[in-house]
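Engineer:
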Amino acid sequence: MKMGKIRQLDESLANMIAAGEVVENMASVIKELLENALDAGAKNIDIHVANYGLKEIRVEDDGEGMDSEDLQLAFKRHATSKIRAHHDLHHIVTLGFRGEALPSIASVSALTIESSTGTTEGRRMTLKNGKVIEDRPAPPRRGTTILVKDLFYNTPARLKHLRSEQREFAAMVETVQHAALSHSAVRFSMQHNGQSVLNTTGRGDVLQVLHAIYDKHTVQHMRHFSGKNAYFSIEGYAGLPTLTRSTRKHITLVCNQRPIRNVAVSSTILDAYKSYLPIQKFPVVHLEIKTDPLLIDVNIHPQKQEIKLSEITSLKQLMLETFATMFKHEQLIPDVRKSPEPRFSHPKLSYQATSPHEAMPHVVEENDASNTQHDERASTDLNVEPSPKRRIRLPDFEYVGQALGTYLIFQNDEGLHLIDQHAAAERIRYEAYLQAMSRPSPTIRMLLLPLPISLGADEREAFRGQAASHLKHFGITIVEEDGQLALQEVPYWFPEGQEEHYTDQVMAAIQEGLTPDKATLLDKLAIDLACKHSIKANHHLTRSEIDRLMHDLDQTHNPFTCPHGRPVIIRLSIQELERFFKRVM
Ligand SMILES: Nc1ncnc2c1ncn2[C@@H]1O[C@H](COP(=O)(O)OP(=O)(O)OP(=O)(O)O)[C@@H](O)[C@H]1O
Ligand SMILES: [Mg+2]
């Protein structure tokens with residue numbers, strides 16, 4: 005009889021293939037082992053890593069453990085204690101649920117496991133290539149210890165693809181940090197080659213975990229926030245906008261105690277900070293979301309980290325409101341840092357004076373106030389004390405004069421304040437434009453004569469399709485007569501004489517596919533308009549203009565930064581001045 009060509013893969017080969025998805029690097033091995041320990045209800049987890057994890061990774065927990073029978077089953081594929089039926093998938097409350105991790109790890113390493121429920125004799129097994137090579141009784145110590153050696157020894161291609169040892173190790177540390185942040189009531193300790201890498205107390209205090217991860221300065225510049233609506237409650241710590249990083253890695257997200265990745269959530273955080281942070285700078289934020297497990301889907305990616313959230317709009321709104329409230333309560337004026345070379349006349353922390361024709365002031369990179377003041381600020385600084393209840397607008401101060409045609413100088417008993425008049429005007433106009441544009445029904449200006457506009461072939465196509473209704477949404481009406489397109493109505497805030505230019509901008513944005521997110525487009529236009537129409541540097545302001553500017557600035561939601569995230573106001577405190585002049589040392 006002729007045999008067919010299809011064969012069932014032997015179990016260890018099947019496990020190895022699955023391992024390609026489940027454990028793609030050393031950090032994912034640690035992640036899976038920590039998840040298992042946490043699911044077992046461990047209160048103490050000790051991690052030992054040797055030679056960046058390539059030699060061995062050991063995770064020891066004091067969770068519920070496994071009896072002898074379960075231990076055997078744990079290495080079968082799809083064997084899990086965490087879900088039983090189809091509907092459980094919609095209501096996942098454990099970190100693991102696939103029954104894939106242990107067989108996968110065992111198929112690409114030499115793995116020894118010792119476990120006991122504490123009531124009966126324990127069991128110790130060693131597996132190589134997924135096959136049991138040693139099996140014997142162990143003491144009845146409650147909990148589980150797993151030792152993973154020679155990871156990826158039998159998958160040389162994977163080994164070759166690992167990034168440098170340091171980077172792999174950094175990713176492992178990050179994984180442990182995320183686990184510790186998501187479970188502050190569990191004590192974690194991690195050692196590398198016998199040296200301590202992370203230690204948390206397990207007292208349920210997230211701030212303590214943040215202290216264990218970040219330096220003192222960073223944590224001092226983070227503020228607690230919390231908020232709640234019908235679907236979600238959120239809580240966490242967010243860095244003041246003066247605390248910036250050059251990558252978004254310091255935004256950690258946790259949902260129902262699972263460290264997650266979710267683009268919608270992280271970009272909402274960036275949105276909340278948008279007009280406070282300089283371009284290409286990112287905040288430090290730890291956000292915990294709690295919601296009904298029914299609203300989340302974890303089963304969309306083999307790593308269980310990407311999750312899909314229902315009611316995301318409601319979450320975004322809650323986040324934006326909570327962050328806005330937090331910023332409102334914070335003193336956001338950066339202090340001038342202590343200068344090693346006291347030279348007051350040198351405007352080293354401010355913008356370079358710009359010519360009136362230059363569209364935007366140019367930031368002096370190395371001396372950018374937002375960089376300097378977070379590096380070496382004395383920890384005795386008044387700003388670092390939490391000030392949750394005070395609602396701080398612009399301080400009360402008295403006008404001293406205008407300097408360099410660009411800065412307005414004010415004083416009060418805290419010291420001198422310098423306001424960049426261009427940045428201030430930009431902030432005011434930006435918020436005014438945004439408000440005007442965001443009205444539900446745009447106020448329209450009818451053009452006396454329809455203004456002929458020329459569109460490229462593709463724009464014409466787009467216009468005939470979807471674009472016309474999008475334009476209408478913005479308050480732009482284009483009519484077509486004898487093949488000629490003409491502008492008939494525009495929103496009233498389009499500057500006169502520039503109707504075509506702004507229509508072009510809107511069209512371009514629509515073409516780029518920005519339409520679904522009208523807010524982003526409006527924001528971009530508002531920044532653009534604010535920047536072009538604000539007072540420039542080197543322009544002398546009269547006293548009444550200054551009063552007006554300060555009044556309007558005080559009315560804005562955020563008087564402290566321009567829409568590009570650069571500071572509007574900086575402070576030179578009296579203490580600072582006294583130090584400059586060596587009145588105090
Ligand atoms: N540290 C541990 N303490 C107690 N039981 C454990 C531990 N690790 C694993 N187990 C048991 O072994 C089973 C298999 O673990 P494994 O990690 O392979 O799958 P899972 O956690 O159920 O799902 P996933 O593949 O998503 O991680 C678990 O369901 C659990 O019952
Ligand atoms: Mg697991």
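Numbering (my numbering), first residue to last: 5 to 589. In this text, a Cβ means the ideal position worked out from N, Cα and C, and glycines have one as well.
For the 8 Å Cβ check, are there 3 or more pairs between the region 554-567 and the region 262-275?
Structural biologist: Contact fails: fewer than three Cβ-Cβ distances are below 8 Å.
Engineer: Assuming Ser577 is part of the alpha helix (DSSP H), what are its boundary residues?
Structural biologist: Indexing the sequence shown from 1 puts residue 577 at position 573. First-last for Ser577: 573-577, but that is the beta strand (DSSP E), not the alpha helix (DSSP H).
Engineer: Would you mind reading off the limits of the alpha helix (DSSP H) that contains Ile448?
Structural biologist: As a working mapping, residue 448 is identified with position 444 in the sequence shown. Where Ile448 is concerned, there is no enclosing alpha helix (DSSP H), although the beta strand (DSSP E) it sits in stretches over 448-457.
Engineer: From Asn260, Val258, Ser548, Leu451, pick the residue whose C-alpha is nearest to that of Gly405; which is it?
Structural biologist: Start at 1 with the first residue of the sequence shown, and residue 405 comes out as number 401. Of the listed residues, the one whose Cα sits closest to Gly405 is Ser548.
Engineer: Candidates Ile316, Leu313, Phe331, Pro297: which alpha carbon is nearest Tyr277's?
Structural biologist: As a working mapping, residue 277 is identified with position 273 in the sequence shown. Among Ile316, Leu313, Phe331, Pro297, the Cα nearest to that of Tyr277 is on Phe331.
Engineer: For ligand 2, is there any heavy atom lying closer than 7 Å to the beta carbon of Glu239?
Structural biologist: By 1-based counting over the sequence shown, the position of residue 239 is 235. Every heavy atom of ligand 2 is 7 Å or more from the Cβ of Glu239, so no.
Engineer: Kindly indicate the opening and closing residues of the beta strand (DSSP E) around Met194.
Structural biologist: Mapped onto the sequence shown, residue 194 falls at position 190. It spans 191-196 - the beta strand (DSSP E) in which Met194 sits, taken as one unbroken run.
Engineer: State yes or no: is the C-beta of Thr124 within less than 8 Å of the C-beta of Arg146?
Structural biologist: Reading the sequence shown from its first residue, position 120 is the one you call residue 124. Reading the sequence shown from its first residue, position 142 is the one you call residue 146. Contact: no.
Engineer: Checking 8 Å against the spacing of the C-beta atoms, do Ile61 and Ile34 come in under that value?
Structural biologist: Working through the sequence shown from its first residue, we reach residue 61 at position 57. Working through the sequence shown from its first residue, we reach residue 34 at position 30. Yes; because the gap between Cβ atoms is below 8 Å, this pair is in contact.
Engineer: Roughly how many angstroms separate the alpha carbons of Lys164 and His477, rounded to a whole number?
Structural biologist: Sequence index remark: in the sequence shown, residue 164 carries index 160 (1-based). Sequence index remark: in the sequence shown, residue 477 carries index 473 (1-based). Using only the alpha carbons, I get a separation of about 54 Å.
Engineer: Within 7 Å: the Cβ of Leu106 and any heavy atom of ligand 1?
Structural biologist: Mapped onto the sequence shown, residue 106 falls at position 102. Correct: Leu106 has its Cβ closer than 7 Å to ligand 1.
Engineer: Count the C-beta pairs between the region 236-243 and the region 289-300 that are closer than 8 Å, then say yes if the count reaches three, no if not.
Structural biologist: They touch, by the three-pair rule.
Engineer: For Pro306, collect the residues of the same chain with a Cβ closer than 7 Å to its Cβ; drop the 5 residues on either side in sequence, then sort them by chain order.
Structural biologist: On the sequence shown, residue 306 is found 302 positions in, with the first residue counted as 1. So the qualifying residues of the chain are Glu25, Val26.
Engineer: What does the alpha-carbon distance come out to for the pair Ala18 and Lys132?
Structural biologist: Translated into positions along the sequence shown, residue 18 becomes position 14. Translated into positions along the sequence shown, residue 132 becomes position 128. Cα-Cα distance, rounded: 15 Å.
Engineer: Look at the Cβ atom of Ala175, then the Cβ atom of Ala83, and state whether they are nearer than 8 Å.
Structural biologist: One-based indexing of the sequence shown puts residue 175 at position 171. One-based indexing of the sequence shown puts residue 83 at position 79. Taking 8 Å as the Cβ cut-off, Ala175 and Ala83 do not qualify as a contacting pair.
Engineer: Once DSSP output is grouped into helix, strand and coil, what is the label at Met20?
Structural biologist: To locate residue 20, count along the sequence shown from 1; it is residue 16. Helix at Met20.
Engineer: With a threshold of 7 Å (Cβ to nearest heavy atom), would Phe101 be considered close to ligand 1?
Structural biologist: On the sequence shown, residue 101 is found 97 positions in, with the first residue counted as 1. At least one heavy atom of ligand 1 is nearer than 7 Å to the Cβ of Phe101, so yes.
Engineer: Output needed for Ser193: all residues of its chain with C-beta closer than 6 Å, excluding positions within five of it in sequence on either side, in chain order.
Structural biologist: Your numbering for residue 193 matches position 189 in the sequence shown. Same-chain partners within the cutoff: Asp50, Asn203.
Engineer: Out of Gln309, Arg128, Leu77, which has the shortest C-alpha to C-alpha gap to Thr149?
Structural biologist: The residue given as residue 149 occupies position 145 in the sequence shown. Comparing Cα positions, the closest option is Arg128.
Engineer: Using the three-state DSSP reduction, which class does Lys342 fall into: helix, strand or coil?
Structural biologist: For the purposes of this step, residue 342 is taken as the residue at position 338 of the sequence shown. Note that Lys342 scores 39 on pLDDT, short of 50, meaning its location in the model is unreliable; the coordinates nonetheless yield the value given after this. Lys342: coil per DSSP, three-state reduction.
Engineer: Just the Cα atoms here: how many angstroms apart are Arg443 and Ala428?
Structural biologist: Along the sequence shown, read from residue 1 onward, the residue named residue 443 stands at position 439. Along the sequence shown, read from residue 1 onward, the residue named residue 428 stands at position 424. Their Cα atoms are separated by approximately 24 Å.
Engineer: Is the beta carbon of Thr560 less than 8 Å from the beta carbon of Ser279?
Structural biologist: By one-based count along the sequence shown, residue 560 stands at place 556. By one-based count along the sequence shown, residue 279 stands at place 275. Taking 8 Å as the Cβ cut-off, Thr560 and Ser279 do not qualify as a contacting pair.
Engineer: Looking only at C-alpha atoms, which of Asn416, Leu452, Leu299, Ile304 sits nearest to Glu493?
Structural biologist: Stepping through the sequence shown from its first residue, residue 493 is reached at position 489. The option with the nearest alpha carbon to Glu493 is Leu452.
Engineer: Please confirm whether Leu281 and Thr248 have their CB atoms less than 8 Å apart.
Structural biologist: Here residue 281 corresponds to residue number 277 of the sequence shown, with the count starting at 1. Here residue 248 corresponds to residue number 244 of the sequence shown, with the count starting at 1. Contact: yes.
Engineer: Closer than 8 Å by C-beta to Gln488: which residues in its own chain qualify, once you throw out the five before and the five after it? Chain order, please.
Structural biologist: Indexing the sequence shown from 1 puts residue 488 at position 484. Cβ neighbours of Gln488 beyond the five flanking positions: Pro456.
Engineer: Here's the rule I'm using: 16 or more other beta-carbon atoms within 10 Å means buried, otherwise exposed. How should Thr116 be labelled?
Structural biologist: In the sequence shown, counting from the first residue as 1, residue 116 sits at position 112. That one is buried.
Engineer: State yes or no: is the C-beta of Asn40 nearer than 7 Å to some heavy atom of ligand 2?
Structural biologist: Your numbering for residue 40 matches position 36 in the sequence shown. Asn40: yes, Cβ under 7 Å from ligand 2.
Engineer: Kindly examine ligand 2 and report whether one of its heavy atoms sits closer than 7 Å to the Cβ of Glu36.
Structural biologist: Within the sequence shown, residue 36 is the residue found at index 32, counting from 1. Within the cutoff, so yes.
Engineer: Tell me, which residues are paired with Leu202 by DSSP?
Structural biologist: Walking along the sequence shown from the start, residue 202 turns up at place 198. DSSP, once it has assigned bridges, lists Met194 as partnering Leu202.
Engineer: Looking at the secondary structure, which residues open and close the beta strand (DSSP E) in which Glu60 lies?
Structural biologist: Counting from one through the sequence shown, the residue named residue 60 turns up at place 56. Taken as a continuous stretch (DSSP letters only), the beta strand (DSSP E) holding Glu60 covers 60-65.
Engineer: Does DSSP classify His254 as helix, strand or coil?
Structural biologist: Here residue 254 refers to the residue found at position 250 when the sequence shown is read from its first residue. Here His254 sits in helix by DSSP.
Engineer: Roughly how far, in whole angstroms, is the beta-carbon of Leu533 from the beta-carbon of Tyr437, given that I think they are within contact range, below 8 Å?
Structural biologist: One-based indexing of the sequence shown puts residue 533 at position 529. One-based indexing of the sequence shown puts residue 437 at position 433. Contact holds; Cβ gap of about 5 Å.
Engineer: Run through DSSP, which three-state label would Ser32 get?
Structural biologist: Along the sequence shown, read from residue 1 onward, the residue named residue 32 stands at position 28. Looking at Ser32 - three-state DSSP - the assignment turns out to be helix.
Engineer: Does Ile316 come out as helix, strand or coil in the three-state DSSP assignment?
Structural biologist: Indexing the sequence shown from 1 puts residue 316 at position 312. If DSSP states are grouped into helix, strand and coil, Ile316 belongs with the helices.
Engineer: Under the three-state reduction of DSSP, which class applies to Lys9: helix, strand or coil?
Structural biologist: On the sequence shown, position 5 is the one that residue 9 refers to. In this structure, Lys9 counts as coil in the three-state DSSP scheme.
Engineer: Any heavy atom of ligand 1 closer than 7 Å to the CB of Thr130?
Structural biologist: The residue labelled residue 130 in the question sits at position 126 within the sequence shown. Thr130: no, Cβ never under 7 Å from ligand 1.
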